[in-house]
Amino acid sequence: MKKAFATFVLAPFCLLMAFPLVWMLLTSLREQNTIFNGPVIPRKITGAAYREAWTSIQFPLHFWNSVWITSVTVIGVLVFATLSGYAFAKLDFPFRNTLFVLLLTTLMMPSTALIIPLYLELKSFGLLDTQAGLLVLYISGSAPFAMFLMRAFFQTLPDELIEAARVDGGSELTIFRRVILPLTRPGIATVVIFQFLSTWNEFLIANTVLRNTDSLPLQPVLFTLMGQYSTNWPALTAGLTLSVVPVVIVYVRMQRQFVAGMMLGAVKN
Amino acid sequence: MATALTRDVVRRSAARSAYRFGSPLRRSQRIAGYVFVAPTFVLFLAFVLWPILYTAYLSLTSWGGFGAPRFVNFDNYSRMLHDPVARRALVVTLVLTAVTTAILTFLGLVTAVLVNLIWRRVGVVVRTILFIPGIVSFVVSAVLWKLIYDPNIGTLNRLLGAIGLGSLQHPWLADHKTVLPAIVVVTVWGGLGFTMLIYFAGLQSIDPNLYEAAAMDGANAVQQFRHITVPSLRVVTGLIVSLGLLNGFKAFDVIFVMTGGGPNHGSEVLGTYLYSLAFGTTSGSLPQLGYASAFSVVTMVLCTLAVLAQLWLTRRADR
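Chains as they are written, first to last, in the UniProt record's numbering: chain A, 1 to 269; chain B, 1 to 319.
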């Protein structure tokens with residue numbers, strides 16, 4: 001009875017929530033001349049819009065930019081976050097808590113508010129309009145949050161393990177690499193998914209830092225696409241769909257880990 | 001909480017005496033600690049702490065990006081008070097934040113309760129459907145909804161026409177009255193999955209015995225919801241409210257892409273206004289980096305308040 005009622009309420013709501021993305025997919029499969037007067041569900045499905053989006057906006061180039069910028073950011077963040085997360089969780093050193101609290105202030109500072117000094121800073125380093133500059137901002141902006149997640153994971157590991165390794169004479173770096181890291185696979189996976197999604201989707205910094213069109217990742221390109229292709233809806237929605245595919249694949253495949261990490265991040269901060 | 005703190009203090013003083021005796025194991029740990037933290041900390045100093053301080057400084061200057069910034073005291077802040085666009089941006093930011101937070105909190109709770117009621121398998125599907133909009137980038141959802149809202153041929157207007165409500169057709173994003181509700185819809189669409197999921201996790205941690213006991217005492221479903229579910233979720237609600245505030249105060253991408261702050265500043269928020277002051281090229285004038293920085297400072301203060309609100313709510317709920 002209760003179940004039926006809940007389903008009855010949720011079903012139309014889900015349809016409503018799913019509608020925009022389904023509509024995006026359907027529009028991208030239409031022929032250009034049927035978008036304004038054809039039926040909602042296209043009678044004839046065509047991949048022409050995908051071909052057009054693929055070639056006319058140099059999709060492969062920007063897709064590749066996104067892929068490698070995201071990969072380097074993920075790896076970079078992982079290196080910084082595992083090292084510092086481990087230190088904050090398991091190593092005793094003076095001012096540990098002060099440093100930790102200081103780093104945490106990062107979590108609430110929005111990039112909108114910091115974009116002016118960051119822009120000026122990249123300019124003075126000669127990194128403006130370079131992907132290297134973008135990477136520096138991505139890694140420095142995300143490392144503290146990832147560090148915070150990793151610290152929570154490291155805290156679940158027993159101290160005895162580390163003590164035993166120390167007594168056996170392992171250096172701190174060896175202990176970290178050989179004993180700790182292999183045990184933190186789930187934590188690392190969570191950070192990877194998180195970082196992948198947020199870097200792949202980032203728009204403000206990329207749009208501000210990069211002016212040279214060839215070096216742009218996908219999100220700012222989709223934004224400029226909106227102006228250029230405002231009348232060619234199939235090509236525009238095809239571009240959107242192509243940019244969403246990797247994100248959905250990663251999410252669906254790693255849903256469980258993502259949700260666990262989100263809980264950890266949300267509940268702890 | 002208190003015991004954890006005591007334990008921490010005891011452990012730290014023990015650690016401190018160990019340093020004094022200079023145990024080699026301790027020393028290598030201390031060195032490793034600093035070495036492991038150093039890279040992250042250097043990045044933090046250069047790209048977070050310094051920018052925060054520099055913004056605060058810039059907000060007290062008048063600067064167009066060339067030459068040296070000229071110190072003007074709090075002029076930018078008093079200018080803000082007299083600038084109608086700035087006032088509008090602040091009001092719109094606060095209104096949008098309040099409305100989306102309220103809707104997200106309410107809808108998140110309701111959907112989580114409903115998802116918790118239905119069959120497990122179906123629940124997973126529903127959760128995925130509600131969550132997918134949240135992993136799509138803000139740019140994608142903003143472009144998508146802009147097409148849906150398109151005044152001439154957008155799907156929303158076509159649907160209204162098809163079901164005989166043609167009189168309601170509207171240039172949604174070009175009208176002062178409808179632009180903010182239109183933005184709220186997009187924000188809620190993207191944020192609901194997250195809110196629902198957090199509430200869902202909260203619901204699952206409530207002791208089922210409480211409901212049984214209440215049912216024995218003759219409490220109906222509504223009473224159980226009011227007297228068990230809602231109070232048990234107080235910490236979760238505090239979290240969702242403060243995250244909602246935080247996201248609202250830093251709202252940028254969706255508005256920037258959909259309206260750019262228009263029509264005629266109708267959807268201008270702090271983020272879009274500061275961006276156009278600093279990077280806008282339409283007016284052809286110099287960027288106003290000093291004035292724009294004052295908006296950065298206001299945004300940071302609001303975000304800090306949101307975090308403090310959460311700490312306060314959590315502490316109150318703990319008691």
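C-beta atoms are modelled at their ideal positions from N, C-alpha and C, and glycine is treated no differently. All of these numbers come straight from a predicted model, not from anything done at the bench.
Test item: CB-CB of residue i and residue j under 8 Å
| i | j | result |
| --- | --- | --- |
| A49 of chain A | P246 of chain A | no |
| L216 of chain A | L210 of chain A | yes |
| T105 of chain B | A143 of chain A | no |
| L58 of chain B | S293 of chain B | yes |
| I183 of chain B | I135 of chain B | no |
| M150 of chain A | V191 of chain A | yes |
| L117 of chain B | K3 of chain A | yes |
| D92 of chain A | G123 of chain B | no |
| T241 of chain A | L25 of chain A | yes |
Min CB distance residue i to chain B below 8 Å
| i | result |
| --- | --- |
| T208 of chain A | yes |
| G141 of chain A | yes |
| P257 of chain A | Checking the displayed sequence, the identity of residue 257 of chain A turns out to be Gln instead of Pro. No, no contact with chain B. |
| residue 279 of chain A | The structure shown does not extend to residue 279 of chain A, since chain A spans only 1 to 269, so no value can be given for it. |
| K268 of chain A | Because K268 of chain A carries a pLDDT of 49, less than 50, the predicted location of this residue cannot be relied on, and no value is offered for it. |
| A6 of chain A | yes |
Nearest residue (CA-CA) to residue i, options the options
| i | options | result |
| --- | --- | --- |
| I205 of chain A | B:L96, B:A309 and B:V139 | B:V139 |
| V125 of chain B | A:V250, A:M262, A:A18 and A:Q257 | A:A18 |
| V101 of chain A | A:L128, A:W64 and A:M147 | A:M147 |
| Q32 of chain A | A:L225, A:V67 and A:N232 | A:N232 |
| A38 of chain B | A:K3, A:L103 and A:T73 | A:L103 |
| F153 of chain A | A:H62, A:K90 and A:R256 | A:K90 |
| G261 of chain B | B:L233, B:G193, B:A174 and B:A221 | B:A174 |
| I116 of chain A | B:I148, B:V48, B:L159 and B:L165 | B:V48 |
| L246 of chain B | B:N116, B:V307 and B:L159 | B:V307 |
| V91 of chain B | B:N116, B:Q204 and B:H265 | B:H265 |
| S137 of chain B | A:K2, A:L21 and A:Y229 | A:L21 |
| Y138 of chain A | A:F125, A:F95, A:I75 and A:A87 | A:I75 |
| L45 of chain B | A:T73, A:T106 and A:V67 | A:T106 |
| L43 of chain B | A:G187, A:L16, A:G47 and A:S84 | A:S84 |
| residue 388 of chain B | B:Q223, B:A201, B:N220 and B:L305 | There is no way to answer for residue 388 of chain B, as the model of chain B reaches only from 1 to 319. |
| Q155 of chain A | A:Y251, A:T184 and A:A164 | A:T184 |
| Q255 of chain A | B:I132, B:G67, B:L107 and B:P51 | B:I132 |
| T82 of chain A | B:V72, B:L159, B:L60 and B:V35 | B:V35 |
is_contact[residue i, chain A] using C-beta, thresh 8 Å
| i | result |
| --- | --- |
| A294 of chain B | no |
| P133 of chain B | yes |
| Y199 of chain B | no |
| V140 of chain B | yes |
| T61 of chain B | no |
| F106 of chain B | no |
| R88 of chain B | no |
| I129 of chain B | yes |
| V179 of chain B | no |
| P51 of chain B | yes |
| I206 of chain B | no |
| M80 of chain B | no |
| Q29 of chain B | yes |
| V307 of chain B | yes |
Nearest-angstrom Cα separation, counted from residue j out to residue i
| i | j | result |
| --- | --- | --- |
| L81 of chain B | R87 of chain B | 7 Å |
| A238 of chain A | A53 of chain A | 6 Å |
| I129 of chain B | G65 of chain B | 47 Å |
| M1 of chain B | F225 of chain B | Residue confidence for M1 of chain B is low, a pLDDT of 39 falling below 50, so the modelled location carries little weight; the figure read from the coordinates is stated next. Taking the straight line joining both Cα atoms gives about 28 Å. |
| M109 of chain A | M300 of chain B | 6 Å |
| G248 of chain B | L222 of chain A | 24 Å |
| N209 of chain B | V9 of chain A | 27 Å |
| T101 of chain B | L313 of chain B | 15 Å |
| I193 of chain A | T70 of chain A | 11 Å |
| S140 of chain A | F203 of chain A | 16 Å |
| F252 of chain B | V269 of chain B | 8 Å |
| W68 of chain A | P220 of chain A | 16 Å |
| G133 of chain A | T187 of chain B | 30 Å |
| P186 of chain A | V252 of chain A | 16 Å |
Residue burial classification, residue i (beta-carbon count within 10 angstroms, cutoff 16)
| i | result |
| --- | --- |
| W119 of chain B | exposed |
| residue 320 of chain B | Lying before the first or after the last residue shown, residue 320 of chain B is absent from chain B, which here runs from 1 to 319. |
| D207 of chain B | exposed |
| R315 of chain B | exposed |
| I148 of chain B | buried |
| R121 of chain B | exposed |
| M262 of chain A | buried |
| G166 of chain B | exposed |
| I175 of chain A | buried |
| G227 of chain A | exposed |
| P60 of chain A | exposed |
| N220 of chain B | exposed |
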